[in-house]
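Colleague: One structure coming up, written as C-alpha cells, with questions to follow.
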Amino acid sequence: MKELALYFQDIARRESIEYADIRIGHYRTQFLFLQDLSPKAINDFERMGLGIRVLYDGAWGFASSTKIEKGEIERVLKKAIEIAKASSIVRGDYRVKLAQEPVHMDKYVVPIEIDPFEVPINEKINLLYGINDEMLKVKGIVKTYSYMELRRRDQTFASTEGSLIETTIFTSNAGYTAYAVGNNDTQSRSFQDYPLNKGYEHIRSLKLKENAERIANEAVMKLYAAEPDEGNMDLVLDPSNLSLTIHESVGHPTELDRVLGYEANYAGRSFATPEKLGNFKYGSSIVNFVADNTLPSGLATTGFDDEGVECQKWYIIKDGILVDYSSTREVAAILGFPRSRGSARADSFSSFPINRIPNLCLMPGDESKTPEELISDVRRGVYIEGRGSYSIDQMRLNFQFGGDLFYEIKDGKKGRMLKNVIYQSITPQFWNSLDGVTDKRFWEPRGFLTCGKGEPSQSAQMTNGAPYARFRNVKVGRGRR
Ligand SMILES: [Zn+2]
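This note's numbering applies: residue 458 is where the sequence shown begins, and numbers increase by one.
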C-alpha cells in the first residue's frame, strides 16, 4: 500500500492542481445477530478500494475505485481532476482553501489484546445464544435480540503535501434487548451497548451474560410500572442516556460545516453561530465539553483524520461558554482558524470526508460525588438510564428525549419504577439547568457506531462520554397514553 501511495504522490505532483490526496482502505466487518435462539445474520464482509480527492482552482473533485493498482490510480486521478475542473466552472465566488497542517509520516494502530477476528464464530454465537436463552427463561419475555459487531479498518493516506499515514483501527461492540408482554402493555429493556476501539477483550469484559436475567426482569417490571406525573421536575441522567442528548444537542450543533450553513440535511443547521464564540452561555459554569480524539479506546481515536490532520484534544464548551467547534481543513479556513480540528472522516474509500462529531465528552466534577449524592438533593424528579426515542429541530434547539429505565425520585430517594417518560427542553436552557455531576469514578465513554450524516448518507462512529448529571426544573411528560 505504501508503495502505491508513494506512486500516487509522484504522479499527482506532476499535475497542475492545487492539492490531492488518496486513501487506500481495507475494511472488515463481522456482524452477528440472533433473534431468540436462531441466528438471523452471520455476516463477515470485506471491502477494499481507493478514493482520490483533487483541489483545482478552488473546487473539489473526487473519484474512487475498487481496483488497487498503479494503472487504476492514474485513471482515478485523471477522473477526479476532470470532476474538479468541471466543479470549478460552477463554484461561483466560493473558493475552497485548506487550513495549514504539518506534513506527517506516521503510523497509528489501535492497541488490542485479542484480535476480534481470531476468536471463532462459534464462541461468539454461543455467547449471544446463551444471553437470549437466559432472557427467554424469564416469565413474560416474548422476544429477544442480541448482536455483536466487530470492525477493522486498515488505511493508507497520502497527500501531495507529502504526508503518508498508515492506520489500523479496531472497534468492538455488543448488546441485546428483551421484549415483554403483559398487563395490557408491551415494553422492552436493553443492555445498553458500549462500543469502543478495542479488541475482543472488550466484549469479554462487558459481563453480557451476567446481566441478561436482570435486563429481562426489568423489561417485565416495566409492564407494571406507573406513568410519570407531568410537569417540571428535576432529572438525574446516567452516562448512557446523556450520551445521546450530548450527541444531538452539543455534538451536531458544534460541527462547523452545519454552523456555516454548508450542511443542512437531517436536522441540519445550528443555532451555535460564530458570533457566539467566546461569549455564549451554552450551559452552567460546571458544563465543560472536551473534544478528545486522543482518548484511549475512543471511537474517533484514529491517530489522524481522513485528510491527514493529527488527532487533537480541545475545549468546545469551557465553564459553560461556547469556545470552539469541530472542523475540517476547509471549514476551519473559512473562519480563518490556524488549523483544522481534525474532524474530517469518511465511512469508506468511496466516500468524501465530511465534518464529523469528535469524541465529545461532558467532563466529570473535581469534587467527590456519587450518583446517590446527586439524587439525595432532589425533592421531586426522575432518574433515567439508557436511551429511548429522540427528536430535535432544524437548529438543534427544541428537543425531546426518552430513556430505557426510569425511577421516581421523591424526597432524596430513588422510589418506584416508572415507564414511558420523556423530557423536553431547549438546548441552552437544558445545559444551563445542570447543577451537579459525579466525579471521574462514574464517568463512562459511551458512544455510537451509526451516526448518520450527509447526502448521500454516511455513517460514522464517535464516543460521547459523560458522568451522571443532575438537571433542575425540566419539563417531563408521558411518551404514550
Ligand atoms: Zn449523529
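In this text, a Cβ means the ideal position worked out from N, Cα and C, and glycines have one as well.
(1) Tell me where the beta strand (DSSP E) around ASP478 begins and ends.
(2) Just to confirm before moving on: does the CB-CB distance between GLU712 and SER783 stay below 7 angstroms?
(3) Mind checking which residues open and close the beta strand (DSSP E) that includes ARG646?
(4) For my contact list, ALA676 and ALA615 are in at a C-beta cut-off of 8 angstroms; report their separation, rounded to the angstrom.
(5) With a CB to CB cut of under 6 angstroms and the five nearest residues on each side skipped, what residues in its chain are close to ALA673?
(6) Excluding five sequence neighbours on each side, which residues of the same chain lie with their C-beta closer than 8 angstroms to the C-beta of GLY869?
(7) Could you please go through the chain and list the residues whose beta-carbon is closer than 6 angstroms to any non-hydrogen atom of ligand 1?
(8) Just to check my reading of the structure: SER916 and SER521 have Cβ atoms closer than 8 angstroms, yes? What is that Cβ distance to the nearest angstrom?
(9) One question on the structure: do ALA477 and THR617 come within less than 7 angstroms of each other, judged by their Cβ atoms?
(10) May I ask which residues mark the beginning and end of the alpha helix (DSSP H) holding TYR657?
(11) What would DSSP say about SER495, mapped onto helix, strand or coil?
(12) From the DSSP output, which residues share a beta bridge with SER914?
(13) Could you tell me which uninterrupted alpha helix (DSSP H) segments, each at least 4 residues in length, are contained entirely in the region 877-910, listed from first to last along the chain?
(14) Which residues bound the alpha helix (DSSP H) around ARG786?
(15) Please tell me whether ILE703 and LEU819 are closer than 7 angstroms, where the distance is taken between their beta carbons.
(16) Is the CB-CB distance between ARG987 and GLY518 below 7 angstroms?
(17) Just reading off the beta strand (DSSP E) that TYR636 is part of, what are its end residues?
(18) Give me the residue from ARG671, ILE571, LYS459 with the minimum Cα distance to LEU862.
(19) Let me make sure I understand the geometry here. Which of GLU623, TYR651, GLU667, LEU680 has the alpha-carbon closest to that of GLN644?
(20) Using three-state DSSP, classify PRO466 as helix, strand or coil.
(21) If you run the structure through DSSP and keep just helix, strand and coil, what is ASN812?
(22) Are ARG608 and THR486 closer than 7 angstroms when you measure CB to CB?
(23) Only counting runs of 3 or more residues, tell me where the beta strand (DSSP E) segments fall wholly within the region 804-870, in order along the chain.
(24) Can you give the beta carbon distance from GLY632 to TYR604, rounded, assuming they're within the 8 angstroms contact cut?
Modeller: Quick look at the numbers:
(1) Locating residue 478 in the sequence shown gives position 21, counting from the first residue. Looking at the DSSP string, the run of the beta strand (DSSP E) that includes ASP478 is 476-492.
(2) Translated into the one-based positions of the sequence shown, residue 712 becomes position 255. Translated into the one-based positions of the sequence shown, residue 783 becomes position 326. A contact, by the Cβ cut-off of 7 angstroms.
(3) As a position in the sequence shown, residue 646 is number 189, starting the count at 1. From DSSP, the beta strand (DSSP E) with ARG646 extends over 642-648.
(4) Counted from its first residue, the sequence shown places residue 676 at position 219. Counted from its first residue, the sequence shown places residue 615 at position 158. Actually they are not in contact, since the Cβ atoms of ALA676 and ALA615 sit about 50 angstroms apart, beyond 8 angstroms.
(5) Here the question's residue 673 lines up with position 216 in the sequence shown. Counting only Cβ-Cβ distances below 6 angstroms, and skipping sequence neighbours, we find MET592, VAL595, ILE598, ALA635.
(6) Looking up residue 869 in the sequence shown gives position 412. For GLY869, where only same-chain residues beyond five positions count, the Cβ hits under 8 angstroms are ILE832, SER833, ASP834, VAL835, ARG836.
(7) HIS704, HIS709, CYS908
(8) Position 459 of the sequence shown holds residue 916. Position 64 of the sequence shown holds residue 521. That pair is no contact at about 17 angstroms.
(9) Here residue 477 corresponds to residue number 20 of the sequence shown, with the count starting at 1. Here residue 617 corresponds to residue number 160 of the sequence shown, with the count starting at 1. Cβ atoms of ALA477 and THR617: closer than 7 angstroms.
(10) Reading the sequence shown from its first residue, position 200 is the one you call residue 657. 657-662 is the span of the alpha helix (DSSP H), which, as asked, contains TYR657.
(11) Taking the sequence shown and counting its residues from 1, one reaches residue 495 at position 38. In this structure, SER495 counts as strand in the three-state DSSP scheme.
(12) Walking along the sequence shown from the start, residue 914 turns up at place 457. None, per the DSSP bridge assignment.
(13) 884-889
(14) Against the sequence shown, residue 786 aligns to sequence position 329. ARG786 -> alpha helix (DSSP H) spans 786-791.
(15) Stepping through the sequence shown from its first residue, residue 703 is reached at position 246. Stepping through the sequence shown from its first residue, residue 819 is reached at position 362. Cβ atoms of ILE703 and LEU819: closer than 7 angstroms.
(16) A question about residue 987 goes unanswered here, because the residues of the chain that appear run from 458 up to 938.
(17) Here residue 636 corresponds to residue number 179 of the sequence shown, with the count starting at 1. From DSSP, the beta strand (DSSP E) with TYR636 extends over 621-639.
(18) As a first step, residue 862 must be located in the sequence shown, where it is residue number 405. Out of ARG671, ILE571, LYS459, ARG671 has the C-alpha closest to the C-alpha of LEU862.
(19) Translated into the one-based positions of the sequence shown, residue 644 becomes position 187. When each option's Cα is compared against that of GLN644, the closest is LEU680.
(20) Position 9 of the sequence shown, counted from the start, is the residue given in the question as residue 466. Here residue 466 turns out to be Gln, not Pro, going by the sequence shown. Three-state result, GLN466: helix.
(21) Here the question's residue 812 lines up with position 355 in the sequence shown. Strand at ASN812.
(22) As a working note, residue 608 is residue 151 in the sequence shown. As a working note, residue 486 is residue 29 in the sequence shown. Closer than 7 angstroms, so yes.
(23) 817-819, 837-842, 847-849, 855-858, 862-867
(24) Counting from one through the sequence shown, the residue named residue 632 turns up at place 175. Counting from one through the sequence shown, the residue named residue 604 turns up at place 147. With a Cβ gap of about 6 angstroms, GLY632 and TYR604 count as contacting.
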